[in-house]
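**Student:** In the working numbering, the protein residues as written are 6 to 243. Dropping the structure in here first, questions after.
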Ligand SMILES: NC(=O)c1ccc[n+]([C@@H]2O[C@H](COP(=O)([O-])OP(=O)(O)OC[C@H]3O[C@@H](n4cnc5c(N)ncnc54)[C@H](OP(=O)(O)O)[C@@H]3O)[C@@H](O)[C@H]2O)c1
């Protein structure tokens with residue numbers, strides 16, 4: 006299925022996996038619309054992507070804002086969501102408030118965005134959400150993220166049945182080198198990346214481009230729906 010001229014919305018398209026995904030859709034000659042909260046990130050992403058990319062400020066945790074956003078976007082063909090904050094910490098230590106904040110962002114943000122998108126999405130279009138391998142294989146301190154990612158994957162199975170003929174899938178990344186780790190001291194980040202690379206079958210951490218190709222595939226493949234695609238270098242096996 007060609008993506009030429011198709012309108013593709015990438016919520017979270019200003020950084021990391023979302024930015025690489027916006028670029029990959031542009032390379033397929035799609036018309037790309039990106040959205041995130043920060044005006045600075047939007048303008049930087051527009052410069053990086055070039056072309057006729059439309060960019061909108063959006064906090065996807067607000068039902069009102071996502072409704073307004075899709076009214077501005079109007080008719081479109083494919084939705085990708087990569088926005089979302091998680092929360093790490095041992096179950097006994099992590100305050101419930103922090104767990105709820107993470108659900109408000111990564112789970113409820115994606116939920117509200119899909120709900121607001123439906124009236125404007127082409128009936129033969131697609132929706133691709135984002136979870137994470139901790140939903141399948143949580144290390145210590147990832148019980149909240151395991152719950153959020155599993156909830157997203159469950160939601161996708163239900164939506165694939167309800168929203169047909171539109172298709173609904175979810176990409177589950179392993180560790181990917183993106184600005185999500187920008188707040189970490191460089192040495193810790195490096196040690197974490199090297200440690201994970203040694204343990205997993207792919208022997209390296211992911212690049213945003215590894216993931217971007219998967220979102221493009223899911224938009225193009227008209228026979229894939231209700232599926233979680235793990236792009237994790239084999240992390241779920243070890
Ligand atoms: N990188 C990894 O190792 C990894 C592993 C597993 C799963 N994931 C998942 O993959 C997804 C993308 O991660 P990434 O590494 O690409 O992160 P990233 O580089 O930090 O990008 C996140 C994007 O989401 C936007 N965003 C965040 N909160 C938002 C909100 N409330 N409303 C609208 N936009 C929002 C950010 O822009 P603004 O700040 O401008 O809003 C940014 O464009 C996340 O769901 C993450 O949990 C990542």
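The beta carbon of each residue, even a glycine, is placed where N, CA and C say it ideally should be.
(1) Give a single yes or no on whether residue 181 has its beta carbon closer than 7 Å to a heavy atom of ligand 1.
(2) Sort 195, 102, 84 by Cα distance to residue 123 and report the nearest one.
(3) Assuming residue 158 contacts residue 136 under a Cβ cut-off of 8 Å, what Cβ separation, rounded to an integer in Å, is found between them?
(4) Could you tell me the alpha carbon to alpha carbon distance between residue 125 and residue 78, rounded to whole angstroms?
(5) Would you say residue 235 and residue 206 are within 8 Å of each other, going by their C-beta atoms?
(6) According to the neighbour-count rule (16 or more other Cβ atoms, all chains shown, within 10 Å of its Cβ), is residue 212 buried or exposed?
(7) Could you pull out every unbroken alpha helix (DSSP H) segment of at least 4 residues lying fully inside the segment 50 to 95, listed in chain order?
(8) Start and end of the alpha helix (DSSP H) containing residue 154?
(9) Alpha carbon to alpha carbon, how far is residue 51 from residue 166?
(10) I'd like to know whether the C-beta atoms of residue 29 and residue 18 end up nearer to each other than 8 Å.
(11) Please classify residue 53 as buried or exposed, where buried requires at least 16 neighbouring CB atoms within 10 angstroms.
(12) Candidates 104, 35, 121, 197: which alpha carbon is nearest residue 73's?
(13) Give the secondary structure of residue 172 by DSSP, where H, G and I count as helix, E and B as strand, and everything else as coil.
(14) Leaving out five residues on either side along the sequence, give the residues of the same chain with a beta carbon under 6 Å from the beta carbon of residue 34.
(15) Note the first and the last residue of the continuous alpha helix (DSSP H) segment covering residue 200.
(16) How would you write the range of the beta strand (DSSP E) that residue 235 sits in, first residue to last?
(17) Output the distance between the C-alpha atoms of residue 150 and residue 210, rounded to the nearest integer angstrom.
**Tutor:** If we stick to the structure as given:
(1) Within the chain shown, residue 181 is the residue found at index 176, counting from 1. Taking 7 Å as the cut-off, the C-beta of residue 181 counts as close to a heavy atom of ligand 1.
(2) Within the chain shown, the letter at position 118 stands for residue 123. Comparing Cα positions, the closest option is 84.
(3) As a first step, residue 158 must be located in the chain shown, where it is residue number 153. As a first step, residue 136 must be located in the chain shown, where it is residue number 131. Going by Cβ atoms, the distance from residue 158 to residue 136 rounds to 5 Å, so yes, they are a contact pair.
(4) Start at 1 with the first residue of the chain shown, and residue 125 comes out as number 120. Start at 1 with the first residue of the chain shown, and residue 78 comes out as number 73. Spanning the two alpha carbons is a distance of roughly 8 Å.
(5) Taking the chain shown and counting its residues from 1, one reaches residue 235 at position 230. Taking the chain shown and counting its residues from 1, one reaches residue 206 at position 201. Cβ distance not < 8 Å, so residue 235 and residue 206 don't count as in contact.
(6) The residue labelled residue 212 in the question sits at position 207 within the chain shown. Exposed.
(7) The DSSP assignment places 68 to 78 as complete runs of the alpha helix (DSSP H) inside the segment 50 to 95, in order along the chain (cut-off: 4 residues).
(8) The sequence position of residue 154 within the chain shown is 149, counting from 1. For residue 154, the enclosing alpha helix (DSSP H) has its first and last residue at 148 to 167.
(9) One-based indexing of the chain shown puts residue 51 at position 46. One-based indexing of the chain shown puts residue 166 at position 161. For residue 51 and residue 166, the gap between their C-alpha atoms comes out near 35 Å.
(10) Here residue 29 is taken as the residue at index 24 of the chain shown, counted from 1. Here residue 18 is taken as the residue at index 13 of the chain shown, counted from 1. In this structure, residue 18 does not lie closer than 8 Å to residue 29 by Cβ.
(11) Looking up residue 53 in the chain shown gives position 48. Residue 53 comes out exposed.
(12) For the purposes of this step, residue 73 is identified with residue 68 of the chain shown, where counting begins at 1. Closest by alpha carbon: 121.
(13) As a first step, residue 172 is located in the chain shown; it is residue number 167 there, counting from the start. The three-state secondary structure of residue 172, taken from DSSP, is strand.
(14) Indexing the chain shown from 1 puts residue 34 at position 29. For residue 34, the CB contacts under 6 Å within the same chain, skipping 5 residues up- and downstream, are 9 in chain order.
(15) Position 195 of the chain shown, counted from the first residue, corresponds to residue 200. For residue 200, the enclosing alpha helix (DSSP H) has its first and last residue at 191 to 204.
(16) Here residue 235 refers to the residue found at position 230 when the chain shown is read from its first residue. Here the beta strand (DSSP E) through residue 235 covers 233 to 236.
(17) One-based indexing of the chain shown puts residue 150 at position 145. One-based indexing of the chain shown puts residue 210 at position 205. Taken atom to atom, the span from the alpha-carbon of residue 150 to that of residue 210 is near 19 Å.
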